[in-house]
Structures are given as structure tokens and as C-alpha cells.
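To start, the structure itself, in C-alpha cells.
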Amino acid sequence: MKRVVITGMGAVSPLGENVASMVNGLEHGKTAVRFMEGWDQYKGLHSLIGAPAELKNEMAIPRQKRRSMGRMSIFAVQAAEQAISEAGLSLPDMTSGRTGCILGSTMGGVEATNGIFELLIPTKDLTLLSSMSFFKCMSHTAAMNVAQCFGITGYVLATSAACASALQALGMGFELIRSGRQDVLLCGGAEELHPIVTATFDILFATSTHYNSEPHLSPRPFDEKRDGLVCGDGAGVLILEESEHALRRGAKIIAEVIGYSTCGSGEHVSESNRQGILNCMGRALKDAGISAQEVDYVSAHATATLQGDQAEAEAIRDIFGASVPVSGLKGHMGHTLGASGALELIASLVMMQKNRIYPTLNLKTIAKECEGIWHVMEPLNRKVDVVLKNCFAFGGINASLVCKKWS
Amino acid sequence: MNDQDVIDRINSVFENSFEIDREKLKPEMRIFDDLGLDSLDIVDLIVALQKKFSIRIRDDERVRQIRTLGDVHRFVLILKAEGLVSDV
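Protein chains in written order, with the numbering used here: chain A, 17 to 423; chain B, 13 to 100.
What follows is the structure, given as C-alpha cells:
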């Protein structure tokens, strides 16, 4: 099988407009979580905090390409542009048919979907609908818009597995290149913050509700005072490339993707499942052909829900014990849902480059049920050659990806 | 609302919705070839004109005959003459 490497990364995150600003925020222990003005108009919405990315410079995208883009697609295009630029890919690469695009999201463009409801429910008048409404809200809106914007003529796919969407996109890209079906794939995910999105978790008692007046203290992954997740938005895109293809054109190689697994837990529609997570991480390591002891850092899903963090901590303990550093980045960026797998993988690869692990922000006192693993609570300078990234989603969906320093 | 107001309002739709410079908005400009709109933009042009003038033209067959910006001006002015345009 072919080897798959990463040659470019792009991010629009709650911490800033590019990878450098995201890393700067992580380095300085910043949080992007804040009180969301206007959300208190929704009856029954208890969590009034979020971690929004900033929409800026969108007018730089030509109108005819931009017209079909909602907030998440603009983020995705901007992240893709950064990744393409870093990888040094050119137009002929895009249009060769051997370059594709796989971008996931939870449910497509929520603002556009909500806009349609707000227009049609009171009026029931279809003649008011813009031609672009559907293009902005459909579940493959980010993938389609990125492909259109950059003239991509290979595979164009959209994974849709809620919070595991981006990691599934990366995993699928890994498999398509490894099997020789594509040479280059733009992979990742995008998401847009909206009270309706937070509400889907809020009504299940899965959001953080006790920190509306102190947003910077939440979410608190693995902490004894954690009380749920905080939604965020943005986009992360990585360039996956067949290694020989990258070497031939002299690309700078950031890391190699060496293993992947995704699986269902087959147990519960919303609860994380220790055995399912265990299976997923174990299969990813087996796919990579490495032992647990060879992993230098686990980038946890760690949304700060009571049950989810416990299940993940238990599964990590089962495989790694307390010998591998673990942290989660949602204290800094909130849960960027369909983008989280890509954004947090990018951050993990920067940690690999720097041999410096960023801690779990807001983790002050480890919850008893999350003990037994090596929680990183302060920046840790340590060799990072192999990273395992976890993402889990509603529906009992698990995904784990393993990356290694290129050699 | 006089006829020039109608024309100005139509031109503002082209400026604001389709980001076309005011200098290009001459009656003889062909909507597709000169102003760069396509079939999807026409849907949004109709939606914008409906909103701007409180009219319903989506199913009006005369829309299909429109080729130039001047055609749009004349079409809405005919609707105004028919008393169908509201000053919203």
C-alpha cells in the first residue's frame, strides 16, 4: 500500500484566522469561549456561551463563487486556501482528476436552514426563496463549495457523522490515497455556531450551563467541575498526499498518516461507549502497526460532558495506562463539532513539530472517574513522534487517526 | 415613485445583490454576457425585485423575454403602469 503524508494545513478557528493564530492562542492558554449576545431570547436554552470564529475577508472570494457559501463554507474555503498555499499545490494539481476534496460537517449550513424555516413557516411562500438557499444548507455544502472554488475534479465527498465528521474525512482520505485511488485530497471539516446547534445538546443536558457569567472557565474537560460542552465553529483542512507524489514535487512533509479506524459502538444513540472507544483506538494502532507504548501523545475528544469524558478516560487508561500524555483542546476552542477533528489534529501536528504538548485548559482538579491517565495540565516539552487523535459522535460513532513524524 | 425612482431601485439591486459597479449599469447591457449573471442569479434577481417592489413575477412569462438591463427597467415600469407596483 502507498504511504500517505500531510503537506499542508489550514485553519479558521475560534482562536484566529489561521494556524499561527490558533497555535498562538494555545501557547498562551487563551480561551475563545464567550457569552453569546441574543441567545437568551430562546426559551429553554440554558447554555448561553459559545466559541465563535470570526468571519472576515469573505469579500476576497469572488461573488459568483461566494454566493453559494454560508458561514461554514467561507471558513472552509479560507482554511483550504491556506492549506493549498502551504502545500504549494498549483491549478494543474487541482484539475488533474487525481486531487479530491472530503469535508465533513454535522448538518450542513445551519444559518441557511434556519433562514428557510423563518421565511417559509410564516409565509408559506416559495417565491421568496433565493436560488442559493439549498446550496448553503445542504450537508455537502462545504465540500462542494471548496471543490468549486478551487476547480477540484477528483473525488468530492462529504462525511456526516456529527462530531467525528472531520476525522472520518481524514480517515477516508487516508484510505483513498493508500489504495491508489487519489494522489491528493483536501480533508477536514467545517461547522457554524448557531443557537439551534447548541440547543440540540442543551435539551439533552449535555451543554455547560453553570458558567454563563464566567464563560472562560468552561468547558472543563476531565475536571471534577465539568458540566458539559460549549459549541464553537470554524474549519480545518489538511492536504493528504501520496508520499512519492509529494517527494517528486519537493513538498515539505509535515507528518505521515499511519493508521485509522472508525466504528460504531452499537449500544446507545448518544452515550459514549468505553468498549467502542477501546475498539476504535485499538484498531487504529493495529492499522498503524504500532504498540500503545509507541504513542507519544493522545489528543482526546474530551468534550467535558460527564459521561463522555469518563468513557474516554477509561478507554485510554485501558490501552495506555498513565504512560502517555493526554490533553484535549476544547477548553481553548469549545467543541467545533464537525471541524474539531481537523482543527485539533492540526494543533497536535504543530505540537509534534515543536515537541511541546499543550494542556487541557480549565482542568484544575481531575475528576475521580477520569483518573488513571496522564493528564497534561501545564505545557509539556517532550518528544512527540506519534500522535493519536480521537473523535466521537452521536450515534455511537468513533474515529481514531494515528500520525507519525516523517522519516 | 416616478419612473427614475424605479430605474434607480432596479439598478441598486444589481449593485447590491450582484456587486456590479454603477458605471456598468447601462440599459443596453446584456444581463448574461455583459453583467455576468447566470441562470441562478436570475432567480435571485426575481426574488430581489419582488421584495423591492412588492410584486409577484416569478411565474410571469414576460420575465423569460428579458435580455438587457433596459428590458428589466421596461418590464417593471409596465407593471407600475398596470398599478401592480407598490411603493414599499
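Yeah, the Cβ is synthetic: ideal placement off N, Cα and C, and Gly gets one too.
List the residues of chain B whose Cβ lies closer than 8 Å to the Cβ of residue i, in chain order.
i: Leu-144/A; result: Val-59, Gln-62 and Lys-63
i: Arg-79/A; result: Phe-30 and Glu-31
Give the DSSP-derived three-state secondary structure of residue i in the structure shown.
i: Pro-341/A; result: strand
i: Glu-258/A; result: strand
i: His-351/A; result: strand
i: Ile-32/B; result: coil
i: His-317/A; result: coil
i: Arg-264/A; result: helix
i: Asn-23/B; result: helix
i: Gly-388/A; result: coil
i: Arg-242/A; result: coil
i: Leu-322/A; result: helix
i: Phe-133/A; result: helix
i: Leu-96/B; result: coil
i: Glu-328/A; result: helix
i: Val-172/A; result: strand
i: Asp-42/B; result: Contrary to the premise, residue 42/B reads as Arg rather than Asp in this sequence. In the structure shown, Arg-42/B sits in a strand (DSSP, three-state: E or B).
i: Arg-50/A; result: strand
i: Glu-127/A; result: helix
i: Gly-120/A; result: strand
i: Gly-48/B; result: coil
i: Val-285/A; result: coil
i: Ile-377/A; result: A small correction: the amino acid at residue 377/A is Leu; Ile does not occupy that position in the sequence shown. In this structure, Leu-377/A counts as coil in the three-state DSSP scheme.
i: Pro-68/A; result: coil
i: Leu-37/B; result: coil
i: Ile-90/B; result: helix
i: Glu-230/A; result: coil
For residue i, which beta-bridge partners are listed by DSSP?
i: Asn-397/A; result: Arg-372/A
i: Thr-223/A; result: Leu-245/A
i: Asn-406/A; result: Ser-416/A
i: Val-200/A; result: Thr-115/A and Glu-257/A
i: Ile-382/A; result: Asp-239/A
i: Thr-80/B; result: Arg-42/B
i: Glu-207/A; result: Gly-250/A
i: Gly-32/A; result: Ser-29/A
Please compile the residues from chain B whose C-beta is within a distance smaller than 7 Å of the C-beta of residue i.
i: Ser-147/A; result: Leu-52, Val-55 and Asp-56
By the criterion of Cβ-Cβ separation under 8 Å, what are the contact partners of residue i in chain A?
i: Arg-68/B; result: Thr-143
First and last residue of the beta strand (DSSP E) that includes residue i?
i: Gly-275/A; result: 271-280
i: Thr-23/A; result: 20-28
i: Ser-416/A; result: 413-420
Alpha helix (DSSP H) containing residue i: first to last residue?
i: Gly-189/A; result: 181-194
i: Ile-212/A; result: 211-218
i: Leu-57/B; result: 51-65
i: His-62/A; result: Run containing His-62/A: none; DSSP gives neither H nor E here.
i: Gln-291/A; result: 290-304
i: Ile-90/A; result: 87-103
i: Gln-309/A; result: Per DSSP, Gln-309/A belongs to no alpha helix (DSSP H) and is neither H nor E.
i: Lys-81/A; result: 79-82
i: Pro-108/A; result: 107-110
i: Met-17/A; result: Looking at the DSSP string, Met-17/A is not in any alpha helix (DSSP H), and its letter there is neither H nor E.
i: Thr-157/A; result: 157-166
i: Met-38/A; result: 35-43
i: Ser-149/A; result: 149-153
Relative to the ligand ZN, is the shortest distance from any of its heavy atoms to the C-beta of residue i smaller than 8 Å?
i: Thr-376/A; result: As for the ligand ZN, it is missing from this structure, which has no ligand bound.
Discussion item. Taking beta-carbon pairs under 7 Å, can you tell me which members of the stretch 285-314 of chain A lie near chain B?
Written reply: none
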